[in-house]
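Mapping of the sequence shown onto full-length UniProt numbering: residues 1 to 290, in sequence order. For glycine and all other residues, C-beta sits at the position ideal for the given N, C-alpha and C. These figures come from a predicted structure and were not determined experimentally.
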Amino acid sequence: MGVAHSGLHKDSSSSSSSSSSSCFADGDLLKLGLGDLPEGCVAMIVENLDPVEICRFSKLNRAFRGASWADCVWESKLPPNYRALLEKILGGFPENLQKRHLYTCLSRINSFDDGTKKVWIDKRTSGVCLSISAKGLSITGIDDRRYWSHIPTDESRFSSVAYLQQIWWFEVDGEIDFPFPVGTYSIFFKLQLGRSGKWFGRRVCNTEQVHGWDIKPVRFQLWTEDGQHSSSQCMLTERGNWTHYHAGDFVVRESNKSSTKIKFSMTQIDCTHTKGGLSLDSAVVYPKLV
1 MGVAHSGLHK DSSSSSSSSS SSCFADGDLL KLGLGDLPEG CVAMIVENLD
51 PVEICRFSKL NRAFRGASWA DCVWESKLPP NYRALLEKIL GGFPENLQKR
101 HLYTCLSRIN SFDDGTKKVW IDKRTSGVCL SISAKGLSIT GIDDRRYWSH
151 IPTDESRFSS VAYLQQIWWF EVDGEIDFPF PVGTYSIFFK LQLGRSGKWF
201 GRRVCNTEQV HGWDIKPVRF QLWTEDGQHS SSQCMLTERG NWTHYHAGDF
251 VVRESNKSST KIKFSMTQID CTHTKGGLSL DSAVVYPKLV
């Protein structure tokens with residue numbers, strides 16, 4: 001019986017020891033955190049975040065910080081034709097830069113064409129956005145101070161807007177030749193009925209000269225080199241606030257051409273009445289939200 005008892009005690013001790021080891025192992029597993037994940041696994045997680053989230057998560061720990069610099073992560077956030085974009089904007093491609101630095105460069109508001117155009121990529125969607133100043137557009141009568149004038153303002157990213165006092169024939173034309181990535185885009189004119197100013201440090205908008213826009217609509221048109229065309233009409237009614245008026249949409253498809261040419265216009269050429277009191281800031285191109 002003694003032998004049997006001794007064996008039973010031994011088995012019990014062995015079982016207890018085994019159970020204790022297992023318990024400690026489980027405890028170690030429970031202590032594992034995000035910092036214990038391999039950097040490769042973290043990179044796969046980070047790839048599914050948008051750029052703003054990647055920068056935020058990079059502050060968590062060393063693994064996330066290292067993964068946030070990986071070229072494979074930022075390659076997926078860059079536009080497919082980022083090389084052509086940088087060559088157009090900077091006049092050449094910056095060699096020996098990590099993909100994160102290339103993304104940072106493109107996410108800034110970059111000026112080109114003597115400062116009349118600005119381009120950037122949206123930090124959430126990585127979509128390419130472009131803005132053309134009033135000085136980069138062809139405006140009928142712009143050189144005649146009886147009709148138009150350029151007014152300095154801090155409400156424009158170009159630091160000035162074109163202001164129309166009064167005119168019979170209203171026509172604004174624009175042209176773009178730019179390497180847009182494949183996708184659908186919308187063009188808008190950024191307009192305001194009225195003239196902005198400051199009064200004791202507060203924003204005011206003088207609308208006394210606004211007239212003629214409630215008689216006939218303004219026509220917006222768009223043409224592309226590959227035959228796309230759109231036309232629409234719209235009354236200008238919003239006074240005192242900057243408003244984006246839709247000029248049309250265009251589609252960039254896969255092609256052998258590296259650049260897309262678009263022409264667009266905004267006209268109100270009914271000479272039975274004058275129109276005036278209009279501020280023109282810019283024309284802007286945004287990726288269309290589907």
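Asked, Found
"Below 8 Å, how does it come out for the stretch 149-161 and the stretch 254-261: are there three or more Cβ pairs, yes or no?", "no"
"Quick one, which of Val182, Tyr163, Trp148 has its alpha-carbon nearest Cys205's?", "Tyr163"
"Where does Gly115 land, buried or exposed, given buried means 16+ other C-beta within 10 angstroms?", "exposed"
"Just to confirm the assignment: which complete alpha helix (DSSP H) runs, minimum length 4, are found wholly within the stretch 87-145?", "99-107"
"Below 8 Å on the Cβ atoms is my contact criterion, and I expect Leu86 with Leu106 to pass it. Report the Cβ-Cβ distance as a whole number of Å.", "7 Å"
"Determine which residues share a DSSP beta bridge with Met266 and list them.", "Val172, Phe220"
"Taking the alpha-carbon positions, what's the Leu29 to Asp122 distance?", "Low confidence applies to Leu29: its pLDDT is 42, below 50, so where it sits in the model is not reliable enough to give any reading."
"Taking the C-alpha atoms as reference points, what is the distance between Phe93 and Glu75?", "16 Å"
"Would you check whether the ligand ZN has a heavy atom nearer than 8 Å to the C-beta of Asp281?", "The model on display carries no ligand, and the ligand ZN is accordingly not part of it."
"Could you check whether Ser186 and Gln165 sit closer than 9 Å to each other, using their CB atoms as the reference points?", "no"
"Just to confirm the assignment, what range does the alpha helix (DSSP H) spanning Val73 have?", "71-75"
"What do you get for Arg100, buried or exposed, if any count of 16 or more other CB atoms within 10 angstroms of its CB means buried?", "buried"
"From which residue to which residue does the beta strand (DSSP E) around His211 run?", "Looking at the DSSP string, His211 is not in any beta strand (DSSP E), and its letter there is neither H nor E."
"Would the stretch 264-274 and the stretch 125-134 be scored as touching if the rule is three or more Cβ pairs under 8 Å?", "no"
"Does the beta-carbon of Asp281 have 16 or more other beta-carbons within 10 angstroms, so that it is buried, or is it exposed?", "buried"
"Compare the Cα-Cα distances from Gly174 to each of Val218, Gly201, Phe189, Thr207 and report the closest residue.", "Phe189"
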